[in-house]
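Protein chains in written order, with the working numbering: chain W, 1 to 331; chain A, 1001 to 1335; chain U, 2001 to 2341. Don't be surprised by glycine CBs; every beta carbon is placed ideally from N, CA and C. Keep in mind the model is a prediction, meaning the values are calculated, not measured.
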Amino acid sequence: MKVYIFKRLATIIPMSLLVVSVTWGLIRIAPGNFYLSEKKLPAAIEQNIKKKYGLESSLVEQYLMMLGNMTCRVSDSGDSEGAGLKIAIGSRTLRCFDFGYSLKYEGQSVNEILSRHLPYSAVIGVLAFLIALVGGVSLGAVAATRKDSRVDRYLMSLSMIGISVPTFVLAPVLVLVFSFGLYWLPPARWGGMEHLVLPVLSLSAVYLAYIARLTRTGLIEVLKSDYIRTARAKGLSEARVVVGHALKAGILPVVSFSGPAIAGLLAGSVVIERIFAIPGLGNIFVQSVLNRDEPLTLGIVAFVSIVILVCNLVVDIVYALIDPRIRFGER
Amino acid sequence: MSDVTTKTILEVSRLTVSFERATGSTTVVNDVSFEVLEGETLGIVGESGCGKTVTVLSILGLLPETGTIDSGKMIFEGRDLAKLSVEEIRKVRGSKIAMIFQDPLSALHPLLPISTQICEVTMLHRGFNRDEARLHAVRMLELVGIPDAEKRIDAYPHEFSGGMRQRIMIAIALSCEPTLLLADEPTTALDVTTQAQILNLIRTLNPKFKTSTVLVTHDLGIVAQMTDRVAVMYGGRILEIAKTSDLFRAPSNPYTKALLKSVPDPSVGRIEDLYQIPGTADFSVVTHGCAFALRCNRAEQSCREELPELEQVSEGHYSRCHFAKEEYLSNQSKH
Amino acid sequence: MSSKTYTNGTEALGPTPRYGIWSRFKRNRPAVFGSWILAIVIVLSAIGPAVFGWLTGISSDYIPSSVENGALVRSFPPSLAHPMGTDDLGRDLFLRVFEGGRISILVGIFASVISLLIGVAYGATAGFFGGRIDGVMMRIVDMLFAIPYLLIVVVMMSLFGGNNAPDAVKQVTETFVFLTNALMSLAGASPISTSSGLFQIFFLFVALGSVSWLTMARIVRGQVLSLKNEEFILAARSIGVSTFGIVFRHLIPNISGPVIVYATLTIPSVMLAEAFLSFLGLGVQAPYSSWGSLAADGIKNIAVYPWQLVFPGLVMGMTLVALNLIGDGLRDAFDPKSSKS
Chain W
1 MKVYIFKRLA TIIPMSLLVV SVTWGLIRIA PGNFYLSEKK LPAAIEQNIK
51 KKYGLESSLV EQYLMMLGNM TCRVSDSGDS EGAGLKIAIG SRTLRCFDFG
101 YSLKYEGQSV NEILSRHLPY SAVIGVLAFL IALVGGVSLG AVAATRKDSR
151 VDRYLMSLSM IGISVPTFVL APVLVLVFSF GLYWLPPARW GGMEHLVLPV
201 LSLSAVYLAY IARLTRTGLI EVLKSDYIRT ARAKGLSEAR VVVGHALKAG
251 ILPVVSFSGP AIAGLLAGSV VIERIFAIPG LGNIFVQSVL NRDEPLTLGI
301 VAFVSIVILV CNLVVDIVYA LIDPRIRFGE R
Chain A
1001 MSDVTTKTIL EVSRLTVSFE RATGSTTVVN DVSFEVLEGE TLGIVGESGC
1051 GKTVTVLSIL GLLPETGTID SGKMIFEGRD LAKLSVEEIR KVRGSKIAMI
1101 FQDPLSALHP LLPISTQICE VTMLHRGFNR DEARLHAVRM LELVGIPDAE
1151 KRIDAYPHEF SGGMRQRIMI AIALSCEPTL LLADEPTTAL DVTTQAQILN
1201 LIRTLNPKFK TSTVLVTHDL GIVAQMTDRV AVMYGGRILE IAKTSDLFRA
1251 PSNPYTKALL KSVPDPSVGR IEDLYQIPGT ADFSVVTHGC AFALRCNRAE
1301 QSCREELPEL EQVSEGHYSR CHFAKEEYLS NQSKH
Chain U
2001 MSSKTYTNGT EALGPTPRYG IWSRFKRNRP AVFGSWILAI VIVLSAIGPA
2051 VFGWLTGISS DYIPSSVENG ALVRSFPPSL AHPMGTDDLG RDLFLRVFEG
2101 GRISILVGIF ASVISLLIGV AYGATAGFFG GRIDGVMMRI VDMLFAIPYL
2151 LIVVVMMSLF GGNNAPDAVK QVTETFVFLT NALMSLAGAS PISTSSGLFQ
2201 IFFLFVALGS VSWLTMARIV RGQVLSLKNE EFILAARSIG VSTFGIVFRH
2251 LIPNISGPVI VYATLTIPSV MLAEAFLSFL GLGVQAPYSS WGSLAADGIK
2301 NIAVYPWQLV FPGLVMGMTL VALNLIGDGL RDAFDPKSSK S
């Protein structure tokens, strides 16, 4: 198993570089100069930019330069201009993860911007995922054990709505009801705990609904199996049969779904951040693309794809922990 | 075989079970009665679909959602199991009456280690704490012949072979020293050599724990080896019930005779055709008369119209056939 | 990925009979309900605006000017004259919702079709050839799966939107416009013009279609692999049916089950993606509108004129629910062993 984990970890950097390369390629292919927005830059700065990004050299050389910046490149020890990590090895200095400086937000390095806006997205994303997971599994289990009852049908209709109503419709409606209607919760922005409720709920809704359905279906299948009959034949209480025996097996499809769910949560946070005016990474990303702010865009893409890949790996590990039959490469 | 007393452990009377299907309700077990004596092994033998498994599942109330016990009593330790509440039945399951199933791979939980699967029974019914349960579990595993039990107890079912898994099931079942063991075709999924080992195991362990057994099977060979008494089922009814030796010596029912004839006899040497009971067992056809009448070579009009009752042909030997007595006597004359 | 084979015991006879499936579907009440809702939405989107316009004389881009007391009709709540109210500029919302519906539905369908074509071709090829080719092709799919595609689509749409669309897309769009105008002039309707908005929409088909084919490819490959070894294929081969015949008369009808189910379920997810993009301003753009862009407009006034968001949202939600119900119903109809009681 450890070998497998190691192999997967090793592929993460190349994979995210792949994604970054594709993005870079798209940006360069697109019509229009990548560093041009509405402002007309003074000649000196334009020269600087051209030099920095090696725009005078060939496309291939520019690509390699970009790759080098992203990972690690050897730099002159006097180079204090670059952003990113500086590592001294012997007489040489290595500069890694240099995503450069944002074109739009002058003077700020991409890494700074990333670390400033990440916490907002992270908090909302993690909370939303946890709520979707716990809520979804609980509701799904309730529905499965009370199959075909009113509770079950009610929950399943609710979940159908949850899956189908887009986040950008649900969120404003919730705001309408709870903020403008009942005055219970604030409608936007960042603040104390109460500011988190609506964004997190709106973001998690669709995943909660999906997980509830997955759990219900999985659990119903499992409850029909022979080993559950054996568990009952041992005289175990129904609670123990469902939670201790059935749920463990029924939860596997949910674990598999967690990978795509996390990716989806990241995308959904873009909408949520816009609606609730939260200065998170999603908002910044869309802005950077519209502004043709290449360094920032690439930096965010690299970061996000690494996060997704790591999460996928964790999901696979958790799956193997639960299901001993698929532990990799044992014996 | 084992020390059989005359005390009745379980008395099943007139058990009727039906299943809801899309096409309507079908009676799968029809007016079945038998008793299990202390210390004995009772066999229930019949073809697939005759209702033997359902009978045994009903005893512990383990029928699937579509099944219901329509009528009948199952008296165990002075109480009617059919009338017990779910709570009360749970106290019986695993502790007083235990069950082992046909396919040990699907009957064991694939994601839980063996230790959990054994210990939870003793922790529940005998109040052991974790350490006591584990100690006891290791001893049980050694008893059923799992080598290296101390280490292997934390392994998962898929890491064991088929025979080992069935031994584990037996260990689980006998953990609380039940009064009655229900074994539903425990060796069908195993190869012949392993079969013999498992049967042997059951045969030696049961007297040790003073457990009586109901052994469901379709294999007459197993019946001959293992059982003290045997009931033959067909179409949801018992057609014949007797002491095993009596049944083999003097079968008093055309179906039993046909079954015995279909078992290939190696001593006869090569024959052209193996004997087959003509027709197929189609239990969806409802008849008023004897269910076997459609395929019976002795059947007459009365067989199709009137259901024969179980009549006694000799001491402890009953048969459900209009010609039961004649069948019995015709066998007598052969010996 | 499940590779269940949708046969019903008559494998030796070949293709799966259709009759059982339809009657099972009809018995599924939610699915039938969904079908009706979908039908209503489609009809309303197709002819609703025209009928409404004919009844009241208002068209969707009619902006009442202040000369005609236009200020009085801006952001009107629902009323008899304007069943869904009006937007900021006084445009009738009912018309906008259903004209937007046309675009949303068309994007959903066309992008799904593109994704279907790519996915089926890819998956069938991988499954059919098997062995190393299959291995390589599926590794590629696994890698692609890990890419956060929404990110890429966002980048694509913002870089290549509108007039920046690649030439191939522009040419297809222009051909389409040409043909449509030819038809329109026959019917006496006014011609449409190519515009950056139109290019945007066509590119949207491409962008969305090109990221949603992965799961379809996996499903098709799984089906083809398991069917390849089914007995009726061997039987057909043994009596000399050509490879071509096998593909068309045996493989395709039998994989069409899960393909249809999954295609039906792709449409709502593509529509959601389009709405998401349009909401961000990266999807459908002026002069066209879709439910997503209407929601973006409506959200600005949510506190004061909530209907501007609620109506597009409601109609979109209903359509998606309908599509999901139909998809579920189809899935159960094709495979009765699934978990519905």
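Taking 8 Å as the upper bound for CB-CB distance, residue 1242 of chain A and residue 1317 of chain A are in contact here, some 4 Å apart. Chain W places no beta carbon closer than 8 Å to that of residue 2258 of chain U, leaving this residue out of the contacts. The three-state reading of DSSP puts residue 251 of chain W in coil, since its state is none of H, G, I, E or B. Under the three-state reduction of DSSP, residue 1218 of chain A is assigned to coil, being neither helix nor strand. When C-beta atoms of the segment 1132–1142 of chain A are compared with those of the segment 1170–1186 of chain A, three or more pairs fall below 8 Å, so the two segments count as touching. Rounded to whole angstroms, the Cβ separation of residue 166 of chain W and residue 2273 of chain U is 10 Å, and the two are not in contact under 8 Å. Within the same chain, 2162, 2284, 2285, 2286, 2287 and 2288 come within 8 Å of residue 2197 of chain U by CB-CB distance, once the 5 residues on both sides are set aside. The shortest C-alpha to C-alpha distance from residue 1043 of chain A to any of A/1276, A/1218, A/1324 and A/1297 is the one to A/1218.
Around the beta carbon of residue 1005 of chain A, a 10 Å sphere encloses fewer than 16 other beta carbons of the protein chains shown; the residue is thus reported as exposed. DSSP places residue 1129 of chain A outside both helix and strand once states are collapsed to three, so it counts as coil. In this structure, residue 1136 of chain A lies away from residue 1116 of chain A, with their beta-carbon atoms at least 8 Å apart.
The C-beta of residue 2294 of chain U comes no closer than 8 Å to any C-beta of chain W.
Residue 1267 of chain A places its beta carbon 8 Å or farther from that of residue 1276 of chain A. In the three-state DSSP reduction, residue 2226 of chain U falls in the helix class (H, G or I). The segment 304–317 of chain W makes no contact with the segment 1031–1046 of chain A, as fewer than three CB pairs between them are under 8 Å. Residue 1288 of chain A carries a coil assignment under DSSP once its states are collapsed to helix, strand and coil. Note on geometry: alpha-carbon atoms of residue 1007 of chain A and residue 1038 of chain A lie some 5 Å from one another. Annotation: Cβ neighbours of residue 233 of chain W in chain A (cutoff 7 Å, chain order): 1060, 1062, 1093, 1094 and 1099.
If you keep only unbroken alpha helix (DSSP H) runs of at least 4 residues inside the segment 2262–2334 of chain U, you get 2291–2299 and 2307–2334. In the three-state reduction of the DSSP assignment, residue 276 of chain W falls in the coil class, being assigned neither a helical nor a strand state. Using a Cβ-Cβ cut-off of 8 Å, residue 323 of chain W counts as an interface residue toward chain A, since at least one Cβ of chain A sits closer than that to its own. Residue 1067 of chain A and residue 1166 of chain A have their alpha carbons spaced roughly 27 Å apart.
With its beta carbon at least 8 Å from every one in chain U, residue 66 of chain W lies outside the interface.
Neighbours of residue 229 of chain W in chain A, taken as residues whose beta carbon is under 8 Å from its own, are 1062, 1101 and 1107 in chain order. Where residue 147 of chain W is concerned, there is no enclosing alpha helix (DSSP H), because DSSP gives it neither an H nor an E. Residue pairing by DSSP places residue 1240 of chain A opposite A/1232 and A/1319 in a beta bridge. Using beta-carbon distances, residue 1110 of chain A counts as an interface residue toward chain W, with a partner under 8 Å. Rounded to whole angstroms, the gap between the alpha carbons of residue 2095 of chain U and residue 2278 of chain U is 18 Å.
Sixteen is the threshold: when 16 or more other Cβ atoms of the shown chains lie within 10 Å of the Cβ of residue 297 of chain W, as they do, the residue is buried. Secondary structure note for residue 1020 of chain A: it is in no alpha helix (DSSP H), and the uninterrupted beta strand (DSSP E) holding it is 1008–1021. Going by beta carbons, residue 2043 of chain U and residue 2271 of chain U fall outside the 8 Å limit.
The C-alpha of residue 1183 of chain A lies about 46 Å from the C-alpha of residue 2236 of chain U. The Cβ of residue 236 of chain W sits closer than 8 Å to at least one Cβ of chain A. The residue among A/1144, A/1293 and A/1216 with its C-alpha nearest the C-alpha of residue 1188 of chain A is A/1216. Closest option to residue 1329 of chain A, judged by alpha-carbon separation, among A/1112, A/1253 and A/1195: A/1253. According to the DSSP assignment, residue 1198 of chain A belongs to the alpha helix (DSSP H) that extends over 1192–1209.
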